[in-house]
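Reviewing the structure listed below.
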Amino acid sequence: MHHGVGNAVAHLVRVAFGNGFGGKQIIGLGHGRSPTLPGQPVLLGDIVLALETCEREARELEKPLADHVRHLLVHGMLHLLGFDHETDADAEDMEREEIAALAAIGVANPYPDRV
Numbered sequence: 040m041h042h043g044v045g046n047a048v049a050h051l052v053r054v055a056f057g058n059g060f061g062g063k064q065i066i067g068l069g070h071g072r073s074p075t076l077p078g079q080p081v082l083l084g085d086i087v088l089a090l091e092t093c094e095r096e097a098r099e100l101e102k103p104l105a106d107h108v109r110h111l112l113v114h115g116m117l118h119l120l121g122f123d124h125e126t127d128a129d130a131e132d133m134e135r136e137e138i139a140a141l142a143a144i145g146v147a148n149p150y151p152d153r154v
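Using the numbering used here, read the sequence shown as starting at 40 and increasing by one per residue.
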């Protein structure tokens with residue numbers, strides 16, 4: 040599940056629930072891997088986007104807001120699935136997955152100079 044909120048609410052979420060993962064524009068709150076009934080979806084966690092920060096970043100990056108938000112949602116989902124970017128190799132793996140997922144929905148490579 041994902042939520043778009045203002046910066047003030049994003050700050051309150053970060054204070055109330057801990058940092059989770061992410062920067063100022065995205066907070067991921069993993070729920071762990073709990074058993075589910077067969078055929079039922081697995082809830083991995085929540086992704087909270089600070090929309091004001093997303094808008095500012097999109098302007099600074101000269102990218103459409105929708106594409107930037109899609110990139111952040113894909114990035115957040117990959118974190119919930121266990122990806123991270125703690126090492127250069129992990130970052131390259133995660134970026135490769137992001138690029139593939141974004142290409143599948145028609146969003147340009149957000150890392151054209153790196154991957």
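Ideal Cβ placement from N, Cα and C applies to all residues, glycine included.
Does the Cβ of residue i have 16 or more other Cβ atoms within 10 Å, making it buried, or fewer, making it exposed?
i	result
Pro149	buried
Val87	buried
Ile144	exposed
Val113	buried
Glu137	buried
I need the boundaries of the alpha helix (DSSP H) containing residue i, first residue and last residue.
i	result
Ala97	90-100
Gly115	104-119
Ignore the nearest five residues each way along the sequence and tell me which others in residue i's own chain have a CB closer than 7 Å to its CB.
i	result
Val146	Asp106, Arg109, His110
Return the bridge partner residues of residue i from the DSSP annotation.
i	result
Ile138	DSSP lists no partner for Ile138.
Segment contact, 8 Å Cβ cut-off, at least three pairs: the segment 79-86 with the segment 115-129:
At 8 Å Cβ cutoff, the stretches touch.
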